[in-house]
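Below is one structure, written out as structure tokens; the observations come after it.
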Amino acid sequence: MFTGYFARLKAYEAKGLIPVAICGKAPDWYKGHEYKVLAPKWEFFNEWKNGEHEGDNDYFTKHYKEEVLDKLYVQQVVNDLLKFGPLAKIVLVCYEKTGDFCHRHIVADWFNANGIGCIEYLLPADFVRVIAGLTQLQGEVPDRDRKSGSAGMPR
18 MFTGYFARLK AYEAKGLIPV AICGKAPDWY KGHEYKVLAP KWEFFNEWKN GEHEGDNDYF
78 TKHYKEEVLD KLYVQQVVND LLKFGPLAKI VLVCYEKTGD FCHRHIVADW FNANGIGCIE
138 YLLPADFVRV IAGLTQLQGE VPDRDRKSGS AGMPR
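The sequence shown begins at 18 in this note's numbering and counts up one residue at a time.
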């Protein structure tokens, strides 16, 4: 199973994948499958988006786990999703770009922790975002040795 975002729908469909929206409200133009069981609850989502806990990802994650995932049985969710097609072709979609904070990544972690493989479906353009994000997390990339072309390796 995969995760992804709405802006990539055409690419997923071109690969024969089956998008399933897991947000509270899909875009008006979206006519595909929806599975709102995995959507965040409005109260804590709104608090995280516009309220006292605006942008506090730890707050969101805690509430999402407690108020949504902890109340679900992974096998029931899998059985529900199988109604849309084989897990290997399902892409759980939401709004945020690859690398941005999104509840779909918490969902993927939950599936993986319960033995169900779930990863972000990456298109070539997404690799640049992922590498840039890793660079920000780890600090600067070592200067490349001009002669050998290797990073941080002795000559």
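Note that CB positions come from ideal geometry on N, CA and C, so glycine has one too.
The beta strand (DSSP E) with residue i in it runs from where to where?
i, result
"residue 20", "19-22"
"residue 109", "107-111"
So residue i packs on residue j, CB below 8 Å; how close in whole Å?
i, j, result
"residue 124", "residue 97", "Between residue 97 and residue 124 the Cβ distance is about 13 Å, and since that is not below 8 Å, they are no contact."
"residue 28", "residue 140", "6 Å"
"residue 108", "residue 81", "20 Å between Cβ atoms; not a contact."
"residue 21", "residue 91", "That belief does not hold up - the Cβ atoms of residue 21 and residue 91 are roughly 20 Å apart, past 8 Å."
"residue 120", "residue 57", "5 Å"
Figure out for me which residue from the options has the closest Cα to the Cα of residue i.
i, options, result
"residue 61", "75, 49, 52, 48", "75"
"residue 131", "111, 87, 115, 107", "87"
"residue 38", "31, 19, 69", "19"
"residue 128", "44, 93, 66", "93"
"residue 133", "103, 77, 71", "103"
"residue 106", "136, 40, 65, 142", "136"
"residue 85", "99, 64, 67, 59", "59"
"residue 48", "26, 69, 65", "26"
"residue 178", "31, 69, 40", "Past the edges of the chain, shown from 18 to 172, lies residue 178, and the structure says nothing about it."
Specify, as a first and last residue, the run of the alpha helix (DSSP H) that residue i falls within.
i, result
"residue 80", "74-84"
"residue 89", "Taken as a continuous stretch (DSSP letters only), residue 89 belongs to no alpha helix (DSSP H), as it is neither H nor E."
Skipping 5 residues on each side, what residues in its chain have a beta carbon closer than 6 Å to that of residue i?
i, result
"residue 118", "74"
"residue 34", "106, 108"
Quick check: is the beta carbon of residue i nearer than 7 Å to any beta carbon in chain B?
i, result
"residue 77", "Absence of chain B from the displayed structure is noted, only one protein chain being present."
What does a CB cutoff of less than 7 Å around residue i pick up in its chain, not counting 5 residues either side in sequence?
i, result
"residue 43", "51"
"residue 31", "none"
In chain order, each alpha helix (DSSP H) run of at least 4 residues that lies wholly inside the region 117-149:
Within the region 117-149, the complete alpha helix (DSSP H) runs of at least 4 residues are 120-130.
Within the region 20-66, ranges of the beta strand (DSSP E) (whole runs, at least 3 residues):
Taking only runs of at least 3 residues, the beta strand (DSSP E) segments lying wholly in the region 20-66 are 35-38.
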